[in-house]
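**Q** Per the UniProt record's numbering, the sequence shown starts with residue 1, numbered consecutively. Cβ coordinates follow ideal geometry from the N, Cα and C atoms, glycine included. Shown below is the structure under consideration.
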Amino acid sequence: MLDNLKTLHDAMIVGLRTALPDISPIDAYPRIGRKIPTPSIALELSEMEPGHDPGTGQTSLIGRFQARAICDPLGAHADLAVRELAARIACAVHAQTWGVPVTPAKLVQIGDDPFKPELDAYLVWLVEWTHEFDLGDVAAPFPSAGSTVLWGVDPDTGTAAGAEYLDPAEDLSGG
């Protein structure tokens with residue numbers, strides 16, 4: 001069970017820093033100032049949507065994560081460098097679980113990112129992927145003591161038809 005989103009973010013940052021030790025900084029939700037060290041990677045969770053209900057009482061979510069490869073446009077071969085960094089991020093992310101209980105990363109897109117105005121002075125490519133994960137506490141299971149599951153076939157159901165119910169644990173084939 002994943003306790004919170006911070007645990008997942010922290011694991012991703014550690015994983016990316018390990019896979020890309022020559023890139024610094026690699027941070028989640030960095031403060032964008034007047035000058036950004038390059039090359040760098042900025043990570044964020046951009047949206048969540050409902051996932052596949054695990055039937056445990058937890059909430060299943062599919063998180064869409066983004067990593068921005070940020071390069072100085074005046075650097076040598078900058079156009080190729082930003083694409084190379086984006087490809088390296090994609091390789092580092094591909095099928096990762098970061099050691100936490102999430103589905104393996106599924107790459108969604110890799111491409112130019114013109115949508116962050118605070119990064120207009122830089123070359124920026126976006127790597128986007130999803131993870132599905134369950135948040136919240138597992139609901140206590142139904143009590144086993146004193147509970148019996150019986151099958152009833154309509155119209156022979158209800159309290160008056162108690163003798164008509166079948167025990168699914170018994171052989172229903174009649175043989």
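1. When DSSP builds the beta bridges, which residues end up paired with D40?
2. Fully enclosed by the stretch 59 to 121, which beta strand (DSSP E) runs are 3 residues long or longer?
3. Would the beta-carbon of D113 fall within 8 Å of that of R68?
4. So A86 and I110 are in contact, right, with Cβ under 8 Å, and what is the actual spacing, rounded?
5. Should V127 be labelled buried (16 or more other beta-carbon atoms within 10 Å of its own) or exposed?
6. Closest by CA to Q66, which one among A121, G55, A11, W125?
7. Between M1, T56, T159, I13, which has its C-alpha nearest V93's C-alpha?
8. Could you tell me how far apart the beta carbons of F133 and L43 are, in whole angstroms, since I believe they sit closer than 8 Å?
9. Using the Cβ count rule (16 or more neighbours within 10 Å means buried), how would you classify P39?
10. When the Cα atoms are used, what is the spatial distance from L80 to D120?
**A** On the basis of the coordinates in this document:
1. According to the sequence provided, residue 40 is Ser. The question's Asp does not apply to it. According to DSSP, which records beta bridges pairwise, S40 is partnered with I70.
2. Qualifying beta strand (DSSP E) stretches, in chain order: 59 to 71, 106 to 112.
3. yes
4. Contact between A86 and I110 holds: their C-beta atoms lie close to 5 Å from each other, under 8 Å.
5. Label assigned to V127: buried.
6. W125
7. I13
8. In fact, because the Cβ distance is near 16 Å, the residues do not count as touching under 8 Å.
9. buried
10. 18 Å
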